[in-house]
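Here is the structure we will look at, set down as structure tokens.
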Amino acid sequence: MRQLLARLNPEQRRAVTTTDGPLLVLAGAGTGKTRVITVRAAYLLDQGNPAESILAVTFTNKAAREMKARIVGLVGKHAAVGLTVGTFHAFCARLLRKHGAPIGVPPGFTICDASDQLAAHKAVLRDLHVPEATIHPRQLVAEVSLLKNSLVNPEAAGESAVDDRDHLVALAYRRYGEHLRRAGVLDFDDLLLRTLDLLREHEPTARNLTDRFRYLMVDEYQDTNGPQFEIVRRLAGERRNLCVVGDDDQSIYGWRGADVKNILGFERQFPGATVIRLETNYRSKEPILAAANKVIGNNPARHGKTLRAARGEGSPVRVFGVDDEEREARNVVTDIEGRKTTSPLKDMAVLFRAAAQSRALEAALRARAIPYRLVGGPSFFDRKEVRDVLAYLKLLANPTDEVSFLRIVNCPPRGIGKSTIDKVLAYATEHGLGAAAAFENSEIPAKAKAAAAELKATLARLGEKDPGPRLVNTIRALLDAIDYRVELVRCYADEQVREQRWNAVEEVVNFAENYVRRSRGPTLTEFLERLALTATDDEKDDDQKDGDALTLMTLHAAKGLEFPHVYLVGCEEGLLPHDKSVATDQVEEERRLMYVGITRAQDNLTITFAKSRAKFGRRAERMPSRFLYELKGEAPPKTWRAAGQKAPAERPTKKANGRRRSRR
Numbered sequence: 018m019r020q021l022l023a024r025l026n027p028e029q030r031r032a033v034t035t036t037d038g039p040l041l042v043l044a045g046a047g048t049g050k051t052r053v054i055t056v057r058a059a060y061l062l063d064q065g066n067p068a069e070s071i072l073a074v075t076f077t078n079k080a081a082r083e084m085k086a087r088i089v090g091l092v093g094k095h096a097a098v099g100l101t102v103g104t105f106h107a108f109c110a111r112l113l114r115k116h117g118a119p120i121g122v123p124p125g126f127t128i129c130d131a132s133d134q135l136a137a138h139k140a141v142l143r144d145l146h147v148p149e150a151t152i153h154p155r156q157l158v159a160e161v162s163l164l165k166n167s168l169v170n171p172e173a174a175g176e177s178a179v180d181d182r183d184h185l186v187a188l189a190y191r192r193y194g195e196h197l198r199r200a201g202v203l204d205f206d207d208l209l210l211r212t213l214d215l216l217r218e219h220e221p222t223a224r225n226l227t228d229r230f231r232y233l234m235v236d237e238y239q240d241t242n243g244p245q246f247e248i249v250r251r252l253a254g255e256r257r258n259l260c261v262v263g264d265d266d267q268s269i270y271g272w273r274g275a276d277v278k279n280i281l282g283f284e285r286q287f288p289g290a291t292v293i294r295l296e297t298n299y300r301s302k303e304p305i306l307a308a309a310n311k312v313i314g315n316n317p318a319r320h321g322k323t324l325r326a327a328r329g330e331g332s333p334v335r336v337f338g339v340d341d342e343e344r345e346a347r348n349v350v351t352d353i354e355g356r357k358t359t360s361p362l363k364d365m366a367v368l369f370r371a372a373a374q375s376r377a378l379e380a381a382l383r384a385r386a387i388p389y390r391l392v393g394g395p396s397f398f399d400r401k402e403v404r405d406v407l408a409y410l411k412l413l414a415n416p417t418d419e420v421s422f423l424r425i426v427n428c429p430p431r432g433i434g435k436s437t438i439d440k441v442l443a444y445a446t447e448h449g450l451g452a453a454a455a456f457e458n459s460e461i462p463a464k465a466k467a468a469a470a471e472l473k474a475t476l477a478r479l480g481e482k483d484p485g486p487r488l489v490n491t492i493r494a495l496l497d498a499i500d501y502r503v504e505l506v507r508c509y510a511d512e513q514v515r516e517q518r519w520n521a522v523e524e525v526v527n528f529a530e531n532y533v534r535r536s537r538g539p540t541l542t543e544f545l546e547r548l549a550l551t552a553t554d555d556e557k558d559d560d561q562k563d564g565d566a567l568t569l570m571t572l573h574a575a576k577g578l579e580f581p582h583v584y585l586v587g588c589e590e591g592l593l594p595h596d597k598s599v600a601t602d603q604v605e606e607e608r609r610l611m612y613v614g615i616t617r618a619q620d621n622l623t624i625t626f627a628k629s630r631a632k633f634g635r636r637a638e639r640m641p642s643r644f645l646y647e648l649k650g651e652a653p654p655k656t657w658r659a660a661g662q663k664a665p666a667e668r669p670t671k672k673a674n675g676r677r678r679s680r681r
């Protein structure tokens, strides 16, 4: 242990050895926070604390796996047995599976993932006879989730509503909750909220947990929301041996519920807390950090810290203005072409604020035949065939899962058409039944009723008991029983495409085989839980599968990553900061997003902006981002206009022949 501590700088060493009481470690970008957390866990074990007494939580499965692997590498596999390391959602899911019954959470609950949530909210709008033009289901999902993450229940949402739209959201929120309870399903927000209910309402479980976990560590604390803060606070109990590691300057997820006040107010919430600042940056050269420090220093609400470069001097940050987005893309790609003679493409990344900005870049890259990887594309778990198979498996584990039942009731086709399903849903809504139960009683054609009954009988037979180690055999038996290949034949005329789709189905079976092989006591519910939680990981967590390829990604997706050479494009008012963020007074979070983008660069950083950009088929004049002037320590010129300020009339985007360019 002495050797481990000797490898740390003084601030890191102090963070590791301060074990009693609340501790806030302000870890600036690239300052070695993962090393601090893992060595701290090793130090606690070395001090004689049992592994069972340590809980470490983070936000992605990849981060949790890396943390656990590093700790094992430091202390050995035997010493780490009993250590609890995982994501918030995984920890809460296991807790509810084991202890949730006293608060009405069935141990066999299934998890409603993002696609299931969308389907459920569409069903709610349909029940309320609200057209999707009034409020888009995706927007409803986001607003309900934000209410949950802010610890606002449906009743409170209704009481605070100020207009018809707010009342509609509150009503839909309540109906959505009723739907989940009826189906025995929890969404990701519920995993947190119901765990909080457990800690509040069931004192024996709360006491056992606070007695067991004597030391808590929370990674990426700036990303915690209201329920996560409350869970951590209650688990810390009176002992308060809570260490949180994070950086308020990298809090960029407010739009999905993260509350920067949790880290800004830590000393107030935990009086007597020790605060340690990690400011020695081991990632970036000095000019890059100087730019980052200048920009973020303009945020008034932050913990003061200044990054110092351990790697010394480097190339100046380059800032270029170009005529338009196509010229911007061509210039960036030309620069990449020149750089790839000395650096592999995998060492380069192009970052942007909005996903739509990738289009011009992709066109320019394809024209030069430069391989690239666009992060954030469709997930494996969003494929139709994968979602179909998982819906069947969810029904084996939880026959009341309404969203899953409606997804597969006519897949493959069983003669149960849309009009029949509409009648069933109307009957279910009127009588307060689940859709599966409504099939038995509603007035629908006998053939459809018989088909639904046969499907339920098949599922009941295959799901009569948990398959355990025979999970793979059960999945194959299910695929045979429903003859899923018929669905692929129906959907895809091309034989090669059908084979590719079937390979995705086989990959689900492969997941099951790997899970059974590595699990001590495999169960179907745990398998589904692991898949659901895995599917939440950002695409950036995937390994580089495309060989030597350039990376394209949004600034939000880039957090936590680093590249020797970074191009930050589209640094204009209205893009960064974004128009909507300016309108809603969220400029500080946009500035943090700029800071995150800058600090992804290790050796070279190039920033570009366009003087005009097409928007809704019209050419609009653009102003350089205010952050570029902050980066230089200069005030904008008098002719500069901030996002949201009225600009001269925009002119139509034209081709050379004068005709308006069509939007694609």
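As numbered in our numbering, residues 18 to 681 make up the sequence shown, in order. Where a beta carbon is used, it is the ideal one built from N, C-alpha and C, also for glycine. A quick note: this is a predicted structure, and the numbers were derived from the prediction, not measured.
(request) Measure the alpha-carbon distance for ARG630 versus GLY577 and round it to whole angstroms. (result) Against the sequence shown, residue 630 aligns to sequence position 613. Against the sequence shown, residue 577 aligns to sequence position 560. Their backbone Cα atoms lie some 30 Å apart in a straight line.
(message) Let's see if you can read the secondary structure: which residues bound the beta strand (DSSP E) around LEU295?
(response) Counting from one through the sequence shown, the residue named residue 295 turns up at place 278. Per DSSP, LEU295 belongs to the beta strand (DSSP E) from 291-295.
(message) Relative to the C-alpha of GLN267, which candidate in GLU237, ASN298, LEU91, LYS401 has its C-alpha closest?
(response) Taking the sequence shown and counting its residues from 1, one reaches residue 267 at position 250. When only C-alpha atoms are compared, the closest one is GLU237.
(message) I need the straight-line Cα distance from PRO124 to PRO221, nearest angstrom please.
(response) On the sequence shown, residue 124 is found 107 positions in, with the first residue counted as 1. On the sequence shown, residue 221 is found 204 positions in, with the first residue counted as 1. Cα to Cα, PRO124 sits roughly 18 Å from PRO221.
(message) Going by DSSP in three states, PHE246 sits in which element: helix, strand or coil?
(response) Start at 1 with the first residue of the sequence shown, and residue 246 comes out as number 229. Three-state DSSP puts PHE246 in a helix.
(request) Take the Cβ of ALA386 as the centre, count every other Cβ of all protein chains shown within 10 Å, and call the residue buried at 16 or more, exposed below. (result) Position 369 of the sequence shown, counting from 1, holds the residue named residue 386. Exposed: under 16 other Cβ atoms inside 10 Å.
(request) Would you kindly work out how many angstroms separate the C-alpha atoms of ASP558 and ALA575, rounded to a whole number? (result) Taking the first residue of the sequence shown as 1, we reach residue 558 at position 541. Taking the first residue of the sequence shown as 1, we reach residue 575 at position 558. Below a pLDDT of 50, predicted positions are generally treated as unreliable, and ASP558, at 43, falls in that range; no measurement from the model is reported.
(message) Do ASP596 and GLY661 have their beta-carbon atoms positioned less than 8 Å apart in this structure?
(response) Numbered from 1 along the sequence shown, position 644 holds the residue referred to as residue 661. Numbered from 1 along the sequence shown, position 579 holds the residue referred to as residue 596. The answer is yes: Cβ separation under 8 Å.
(request) Using the Cα positions of LEU61 and LYS85, report the straight-line distance between them to the nearest angstrom. (result) Taking the first residue of the sequence shown as position 1, residue 61 is located at position 44. Taking the first residue of the sequence shown as position 1, residue 85 is located at position 68. Those two C-alpha atoms are separated by around 14 Å.
(message) By the three-class DSSP mapping on this structure, what secondary structure does GLU570 have?
(response) Locating residue 570 in the sequence shown gives position 553, counting from the first residue. Glu is not the amino acid found at residue 570; the sequence shown has Met there. Strand at MET570.
(message) Taking 7 Å as the cut-off, is the beta-carbon of GLN64 closer than that to any non-hydrogen atom of the ligand SAM?
(response) Looking for the ligand SAM in the displayed structure turns up nothing, as the structure carries no ligands at all.
(request) Report the three-state DSSP secondary structure of ASN348 (helix, strand or coil). (result) Residue 348 sits at position 331 when you count from the first residue of the sequence shown. Correct three-state label for ASN348: helix.
(request) Using 10 angstroms around the beta-carbon of SER332, count the other beta-carbons present and answer buried if the total reaches 16, otherwise exposed. (result) Within the sequence shown, residue 332 is the residue found at index 315, counting from 1. Per the 10 Å Cβ criterion, exposed.
(message) If I follow the unbroken beta strand (DSSP E) through HIS582, where does it start and stop?
(response) Indexing the sequence shown from 1 puts residue 582 at position 565. Counting along the chain, the beta strand (DSSP E) containing HIS582 begins and ends at 580-585.
(request) Alpha carbon to alpha carbon, how far is ILE120 from LEU407? Give it in angstroms, no decimals. (result) Against the sequence shown, residue 407 aligns to sequence position 390. Against the sequence shown, residue 120 aligns to sequence position 103. Looking at the two C-alpha atoms, the distance is approximately 27 Å.
(message) Excluding the 5 residues flanking LYS628 on each side, which residues of the same chain have their C-beta closer than 8 Å to its C-beta?
(response) Here the question's residue 628 lines up with position 611 in the sequence shown. Closer than 8 Å at Cβ, skipping near neighbours: GLY338, VAL339, ASP340, ASP341, GLU638, ARG639.
(message) Please report the distance separating the alpha-carbon of LEU495 from that of ALA110.
(response) For the purposes of this step, residue 495 is taken as residue 478 along the sequence shown, with counting starting at 1. For the purposes of this step, residue 110 is taken as residue 93 along the sequence shown, with counting starting at 1. One C-alpha to the other measures close to 26 Å.
(request) Specify the secondary structure class of ARG19 as computed by DSSP and reduced to three states. (result) For the purposes of this step, residue 19 is identified with residue 2 of the sequence shown, where counting begins at 1. Reduced to three states, the DSSP call for ARG19 is helix.
(request) Would you kindly work out how many angstroms separate the C-alpha atoms of VAL235 and VAL261, rounded to a whole number? (result) Indexing the sequence shown from 1 puts residue 235 at position 218. Indexing the sequence shown from 1 puts residue 261 at position 244. VAL235 and VAL261: Cα-Cα distance of roughly 5 Å.
(request) Consult DSSP for MET640 and reduce its assignment to one of helix, strand or coil. (result) Taking the sequence shown and counting its residues from 1, one reaches residue 640 at position 623. MET640 falls in the coil class under three-state DSSP.
(message) Check whether chain B comes within 8 Å of VAL604, counting only Cβ atoms and requiring the distance to be less than that.
(response) No chain B is part of this structure, which consists of one protein chain only.
(request) Could you check which residue in LEU569, VAL583, ARG547 has the C-alpha nearest to that of ALA377? (result) Indexing the sequence shown from 1 puts residue 377 at position 360. Nearest option by C-alpha distance: LEU569.
(message) Run through the DSSP bridge pairs and tell me what ILE71 is partnered with.
(response) Reading the sequence shown from its first residue, position 54 is the one you call residue 71. TYR232, per the DSSP bridge assignment.
(request) Starting from GLN619, trace the beta strand (DSSP E) both ways and give me its first and last residue. (result) Numbered from its first residue, the sequence shown carries residue 619 at position 602. Run containing GLN619: 618-627, per the beta strand (DSSP E) assignment.
(message) If you follow the beta strand (DSSP E) that PHE682 is in, where does it begin and where does it stop?
(response) Residue coverage of the chain in this structure runs from 18 to 681, which leaves residue 682 outside it and unanswerable.
(request) Can you give me the Cβ contacts of HIS196 inside the same chain, cut-off strictly under 6 Å, excluding the 5 residues immediately before and after it? (result) For the purposes of this step, residue 196 is taken as residue 179 along the sequence shown, with counting starting at 1. Closer than 6 Å at Cβ, skipping near neighbours: ALA137.
(message) Let's test the definition: count the other Cβ atoms within 10 Å of the Cβ of PRO641 and tell me whether it reaches 16, buried, or not, exposed.
(response) Here residue 641 refers to the residue found at position 624 of the sequence shown. Buried, by the Cβ-count rule.
(request) Could you tell me if ASN258 is buried or exposed, where buried requires 16 or more neighbouring beta carbons within 10 angstroms of its beta carbon? (result) Within the sequence shown, residue 258 is the residue found at index 241, counting from 1. By the 10 Å Cβ count, ASN258 comes out buried.
(request) Decide if LYS9 is buried, meaning its Cβ has at least 16 other Cβ atoms within 10 Å, or exposed. (result) Nothing can be reported for residue 9, as the shown portion of the chain is limited to 18 through 681.
(request) Label VAL506 either buried or exposed according to how many other C-beta atoms from any shown protein chain fall within 10 Å of its C-beta, with 16 as the threshold for buried. (result) Here residue 506 refers to the residue found at position 489 when the sequence shown is read from its first residue. With fewer than 16 Cβ atoms within 10 Å of its Cβ, VAL506 is classed as exposed.
(message) I'd like the ranges of any alpha helix (DSSP H) spanning at least 4 consecutive residues and lying wholly in the region 72-108.
(response) 78-92, 94-97
(request) Return helix, strand or coil for HIS219, following the three-state DSSP convention. (result) What you label residue 219 is simply residue 202 of the sequence shown in a count that begins at 1. Three-state DSSP puts HIS219 in coil, outside helix and strand.
(message) Which same chain residues end up closer than 8 Å to ARG300 when comparing Cβ atoms and leaving out the 5 residues on each side of it in sequence?
(response) By 1-based counting over the sequence shown, the position of residue 300 is 283. Around ARG300: ALA46, GLY47, ARG328, GLU579, THR616, GLN619.
(message) What ranges does the alpha helix (DSSP H) occupy inside the region 138-222, keeping only unbroken runs of at least 4 residues that lie completely in it?
(response) 154-166, 171-176, 181-200, 205-218
(message) Please report the distance separating the alpha-carbon of ASP560 from that of LYS357.
(response) Translated into positions along the sequence shown, residue 560 becomes position 543. Translated into positions along the sequence shown, residue 357 becomes position 340. Only weak support is given to the placement of ASP560: the predicted model assigns it a pLDDT of 44, under 50, and the question is left unresolved by the model.
(message) I need the boundaries of the beta strand (DSSP E) containing TYR444, first residue and last residue.
(response) By one-based count along the sequence shown, residue 444 stands at place 427. From DSSP, TYR444 is part of no beta strand (DSSP E) but of the alpha helix (DSSP H) over 435-448.
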